[in-house]
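Input: a single structure, listed below in structure tokens.
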Ligand code: COA
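In this note's numbering, the protein residues as written are 1 to 385.
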């Protein structure tokens, strides 16, 4: 077989959007290290960087910010769906359905020109937090909080969820979490988005498919499960017994391990680890951070596995007041910047993605009329026993 299971080490596309060095534990967006971007940039700047390959000038940033603020509103069609979705579906199912539904009222319709696709991309990135917040307010029977045009993207999301403007510290931590989640080379959901785009299906279809891939516990779902694990453990003193029990049952520890960062720390986890501690200290309750530290130490000792981005994102988002089942939708809101950049990159130099498979089933079978199949099957089983 030409490649490893799970397409390990297969290069599926050339990209100028992001790059990883799994041995050094480094991540770059368009050549800028994630540490420098997390320290100095905003999510709006990162959106420009991923889509245009360079950081914006002040005028460009002002234009993009204005566009993103204007694109936060939903079409009536999508808001009308929300009460039903809030009552009947999980947050990720709502997101998948409403992003798909949004295509019906996109002002650019089925226009697939590069200009229309750029506008669709910015519209989707801007809209997703509104969808999540509307959903959450509906399911809790609370009045909708309209987007606040004065607030940046991440802070506005928190304010639409809680109805309150976040503190500077919270807004910055959330904005940085958005930056860290914005792109990560050929992860499963980005690959999915590129496969769909490579058939020349539209932007909304590709993003809908990416959301579906992100939903699973081995990908985006891990941040929710890692926070639930911290809650189950409850106290750092119980961490060893809990983790050893999971290992004994051969269960996975969510938020640990990574296809690319095998023997070094995920650089995003290192940044979120600091936020987890700082937010815990600011809240006067470092319990979740303390349990996280105990789990990290034990998992490293016992299995040599390190935390990935989703492990510390769990406690950071919890400290920021997000309901746990909105952690994966938040990941989608941030990753929408990367997905849409990859979709546009795929369209710009497209060849349909169509790998091969290795056939391992039987060969040279003899076709039988349906009336003869049961007796032939029984005879085959008898011969085999
Ligand atoms: N808990 C326990 N064992 C784990 C583990 C985890 N979180 N992650 C990997 N391992 C083990 C595997 O079982 C395997 O053991 P084996 O060699 O005895 O079979 C070994 O470590 C190597 O891992 P592998 O299965 O090759 O990793 P992968 O590249 O196929 O999968 C992940 C990568 C991320 C899907 C995997 O580490 C995982 O399931 N992690 C938990 C989910 C998660 O946090 N996802 C978010 C990713 S950002």
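Where is the CB? At the ideal position from N, CA and C, for every residue including glycine.
The closest CA to that of residue 247, considering only 197, 301 and 343, is found on 301. Taking C-alpha positions only, residue 53 is separated from residue 195 by approximately 22 Å. Put simply, of 309, 342 and 205 the residue whose alpha carbon is nearest the alpha carbon of residue 102 is 205.
If you draw a straight line from the Cα of residue 336 to the Cα of residue 208, it is about 10 Å long. Comparing C-alpha distances from residue 224 to each of 329, 144 and 238 shows the shortest one belongs to 329. In this structure, the CA atom of residue 242 is about 23 Å from the CA atom of residue 262. A Cβ-Cβ separation of about 11 Å leaves residue 152 out of contact with residue 47 under the 8 Å criterion. For residue 26, the Cβ stays outside the 7 Å cut-off from all heavy atoms of ligand 1. Taking C-alpha positions only, residue 187 is separated from residue 282 by approximately 34 Å. With a 10 Å radius around the Cβ and a threshold of 16 neighbouring Cβ atoms, residue 17 comes out buried.
Note that the C-beta distance between residue 291 and residue 230 is below 8 Å. For the alpha helix (DSSP H) assignment, the uninterrupted runs of no fewer than 4 residues enclosed by the stretch 5–67 are, from N- to C-terminal side, 34–40 and 43–52. Around the C-beta of residue 129, 16 or more other C-beta atoms lie within 10 Å, and the residue is accordingly described as buried. If the five residues before and after residue 202 are omitted, its C-beta is found closer than 7 Å to the C-beta atoms of 103, 110 and 112, all from its own chain and listed in chain order. Residue 198 sits buried, since 16 or more C-beta atoms from the chains shown fall within 10 Å of its C-beta. Under DSSP, the beta-bridge partners assigned to residue 307 are 256. DSSP, reduced to helix, strand and coil, places residue 159 within a helical segment of the structure shown. In this structure residue 347 is not in contact with residue 315, their Cβ atoms being roughly 38 Å apart against a cut-off of 8 Å. With a cutoff of 8 Å on beta-carbon distance, residue 341 and residue 138 are scored as not near each other. Following the DSSP letters along the chain, one finds residue 120 inside the alpha helix (DSSP H) bounded by residues 114–139. Taking all protein chains shown into account, residue 156 has 16 or more neighbouring C-beta atoms within 10 Å of its C-beta and is therefore buried. The stretch 308–337 is shown to contain whole alpha helix (DSSP H) runs of 4 or more residues at 309–319, in chain order. Residue 185 sits in coil when the DSSP states are folded into three classes, being neither helix nor strand. Between residue 106 and residue 286, the alpha-carbon positions lie close to 44 Å from each other.
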